[in-house]
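Report on the structure given below.
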Amino acid sequence: MINEQYKKMLEGKSVIRQLSEFATARGKEIGYENVFDYSLGNPSVPVPEKFTEVMIDLLKTKTSMELHGYSPSLGIPSVKEKIAASLNKRFDMDYTGNHIFPTTGAAGAVAHAVRCVTKPGDEVLTFAPYFPEYNPYINMSGAILKVVPANTENFQINFEKLEEMLNEKTAALLINTPNNPSGAVYSTKTLEQLAALLKRKQEEYGHDIFIISDEPYREIVFEGVEAPYVSKFYDNSLSCYSFSKSLSLPGERIGYVAVNPRCTDAELISAMCGQISRGTGHNCPPSIIQLAVAEVLDITSDMSVYETNMNLLYNELTSLGFSCVKPGGTFYIFPKALEEDAVAFCQKALKYDLVLVPSDSFGVQGYFRMAYCIDTEKVERSLTAFRRFVKECY
């Protein structure tokens, strides 16, 4: 008999993926350049030229075994040391290579981190709006995901609701800053308040509460916005990173878990990740990609287009009457829909070839997400469609 749990999951296909497939099909009818597809957060800028040069050099100078052989189960030691050194330099931390575990992107990092610090039946809290894939990431580990309602004023943490939901079953908080879908960046004040609360609750409950910090958008922060490093504020923290956005390498599936050296059992967690891999079939990212990213840790793609696109959309949407918290980073914007039913709103937008994602699956009602990692020229043309849409429907 086939597994009924996974069979049932087929009925709950990702809304984002469904809309992306619609956009592709519509593009075959009218030309994809005429479909204003804001569905999928797929980085649109080229990889840095330096990364390409490094790949070519590796292929020319390293042996086949070095590039294509199995990586050690805990990752290539020289790569881990370079990642640790880069983090220490940038964020004044004290990681060693033993605190770094390379993974297949941030998803792989979160999958390992949650299994390190929870057991089946434990609760993990996250904050709306949140990335919908957190549901399978957490619930299929045996832990239980609970969603703290959103602070829609600024999409910082809703501390009143958080305090209501924290309890003795809480093993971890899964946070995402800069945030998908809102684009909000947690402030120093927010992180200080969160750390103080969790320290107090750890003492009250008599057990650790970890922060699992999902950080794939860490480098996409806009002018004038401070993006504090979460692990500076709280000892029991695991930083989950991906190079998918900073280097525009989503298809390479490369990231890591960085274990705060001051957390409980810090010297064991990376090794524990290797044991978790045995049960999940993870078995490390490719050797060649580990070696390549290790040579470009302190550079990024040219991501200035994301801020350009954000400003175009924010200015136009607010001028059309949309309520919107201005993003501080990422390549997402999260306006309030012009009617309570976000699904109905986004269905109407499709008639204008505007592919927008309703907020329901992000844990908030009445909003929509736009992933503006597309050409600026296309963003500009979409504004005409928005004007028509709003004028004719609202």
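Numbering (numbering that gives the first Met the number 0), first residue to last: 0 to 393. Heads up, the beta-carbon is just placed ideally off N, CA and C, and yes, glycines get one too.
Beta-bridge pairing by DSSP links residue 36 to 354. Minimum Cα-Cα distance from residue 262 among the listed residues 44, 381, 348 and 235 corresponds to 235. Bridge partners of residue 368 according to DSSP: 356.
Here residue 165 has 200 as same chain residues with Cβ atoms under 6 Å from its own Cβ, once five neighbours each way along the sequence are excluded. Residue 101 is bridged by DSSP to 255. Closest in alpha carbon position to residue 20, among 355, 289 and 387, is 355. Judged by their CB atoms, residue 156 and residue 124 are not nearer to each other than the 8 Å cut-off. Residue 213 sits in a strand when the DSSP states are folded into three classes. Spatial neighbours of residue 41 in its own chain (CB-CB distance under 8 Å, excluding positions within 5 residues in sequence) are listed in chain order as 249, 370 and 372. For residue 145, the enclosing beta strand (DSSP E) covers residues 143 to 147. Burial state of residue 163 is exposed, judged by a 10 Å Cβ sphere holding fewer than 16 other Cβ atoms.
Taking C-beta atoms under 8 Å as the contact rule, residue 94 and residue 83 qualify, at a distance of about 4 Å.
Looking at the DSSP output, residue 175 sits in a beta bridge with 213.
Sixteen is the threshold: when 16 or more other Cβ atoms of the shown chains lie within 10 Å of the Cβ of residue 353, as they do, the residue is buried.
For residue 388, no beta strand (DSSP E) segment is defined; the enclosing uninterrupted segment is the alpha helix (DSSP H) at 375 to 392. Under the three-state reduction of DSSP output, residue 220 falls in the strand class. In this structure residue 337 does not touch residue 361 by the C-beta definition: roughly 18 Å separates them, more than the 8 Å allowed. Nearest neighbour of residue 109 by Cα position, chosen from 18, 171, 325 and 75, turns out to be 171.
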